[in-house]
Amino acid sequence: IVFGLLALFLNGARTEFAVYFISIAVFYFFYSAASLRLAISSFTFMLVIGFVARVLLDILPKSRMFELADISNSSSYKARGEFLRFGVKQVSENLFFGNYGAYTEIGGIGSYPHNLLSAWLNLGLAGFSLFVILFATLWFEAMKGFHKHRSNPSFKVFFIFLIFTTVAVTAAKTYNYQLIGLTIGFYVAYNKTCRNSSSWGKWLT
14 IVFGLLALFL NGARTEFAVY FISIAVFYFF YSAASLRLAI SSFTFMLVIG
64 FVARVLLDIL PKSRMFELAD ISNSSSYKAR GEFLRFGVKQ VSENLFFGNY
114 GAYTEIGGIG SYPHNLLSAW LNLGLAGFSL FVILFATLWF EAMKGFHKHR
164 SNPSFKVFFI FLIFTTVAVT AAKTYNYQLI GLTIGFYVAY NKTCRNSSSW
214 GKWLT
């Protein structure tokens, strides 16, 4: 975890750094519910990470990564807010079929809404609904499997990637984010390992 955060920080991957940190926190929150010792150790670990991050902010040279400390004033945050407002407007005007590629009007091919709303804008209501069903199904399978297989390594990999992709497409990434497909692959691997497929799970597999 520490080396992962450090690598993302030094690489300048702001979105992945923030989403990874949040995902680890959520992951350990779920597992802490089953173990008081893990809850205490997880809380202590997060405090240490927070302290180290604070020290790094003070001693390292300034870079775009430090905009995370004041995200509301970053240029990227403001631009994404504009893209989102434009996307909402387009969706409201083209509720059922969306308006594929309309975001190119305001700033080029990178001006799409940086969240799952991009599916509605490009693929219409049907496409957006399928993505919502996909994530709902994966979360249903994760919650069902958590009680039975939370110690299984295959489940842990699937679960952390599910958290990561859910946070990513909610706040920063589009519907065609590559890790969505990878998450489904990890679900299939976990499902075959544990042999606990429901009817929805069989459909996904």
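The sequence shown begins at 14 in our numbering and counts up by one.
Backbone N, C-alpha and C fix where the C-beta goes; we use that ideal spot for every residue, glycine too.
Bear in mind the structure is a predicted one, so any value in this text is a computation, not a measurement.
Among 205, 173, 206, 204, which one has its Cα closest to the Cα of residue 193?
173
inquiry  = Judging by CA-CA distance, which residue of 199, 200, 178, 54 is the nearest neighbour of residue 190?
reply    = 178
Three-state secondary structure (DSSP) of residue 24
helix
**Report entry** From 195, 186, 176, residue whose alpha carbon lies closest to that of residue 37
**Finding:** 176
Assign residue 134 to one of two classes, buried (16 or more other C-beta atoms within 10 Å of its C-beta) or exposed (fewer than that). buried
Neighbourhood of residue 110 by C-beta, 6 Å cutoff - its chain only, sequence neighbours within 5 removed: 137
> Does any C-beta atom of chain D lie closer than 8 Å to the C-beta of residue 32?
Replying inline: Any reference to chain D falls outside this structure, which holds one protein chain only.
task = Note down the Cα distance separating residue 152 from residue 100, rounded to an integer number of angstroms.
result = 26 Å
Check: Taking C-alpha atoms, which residue in 31, 49, 19 lies nearest to residue 183?
Finding: 31
Checklist entry - Do you know whose CA, among 92, 29, 96, 17, lies nearest residue 126's CA? => result 96
Ignore the nearest five residues each way along the sequence and tell me which others in residue 28's own chain have a CB closer than 6 Å to its CB. 185
Are residue 148 and residue 132 closer than 8 Å when you measure CB to CB? no
Item to check | Same chain only: Cβ atoms within 7 Å of residue 112, ignoring 5 sequence neighbours per side | outcome: 103, 134
* Asked: Where residue 21 and residue 41 are concerned, what is the direct C-alpha to C-alpha distance, given to the nearest angstrom?
  -> 20 Å
Practice problem: Could you name the residues of the same chain whose beta carbon sits closer than 8 Å to that of residue 203, not counting the 5 residues immediately before and after it, in chain order? | Solution: 158, 162, 165, 167, 168, 170, 171
**Item:** The alpha helix (DSSP H) enclosing residue 127, as first and last residue numbers
**Value:** Residue 127 -> no alpha helix (DSSP H), and no H or E assigned at all.
Measure the CB-CB distance between residue 188 and residue 129 and report whether it falls below 8 Å.
yes
Q) For residue 57, is the classification buried or exposed, using 16 other Cβ atoms within 10 angstroms of its Cβ as the cut-off for buried? A) exposed
**Q.** Own chain, CB closer than 6 Å to residue 212, minus 5 neighbours either side, in chain order
**A.** Summary for residue 212: the model assigns pLDDT 49, below 50, so the residue's position carries little reliability; its value from the coordinates is reported in the next sentence. Cβ neighbours of residue 212 beyond the five flanking positions: none.
Handout entry: Burial state of residue 141 (16 or more Cβ within 10 Å)
Key = buried
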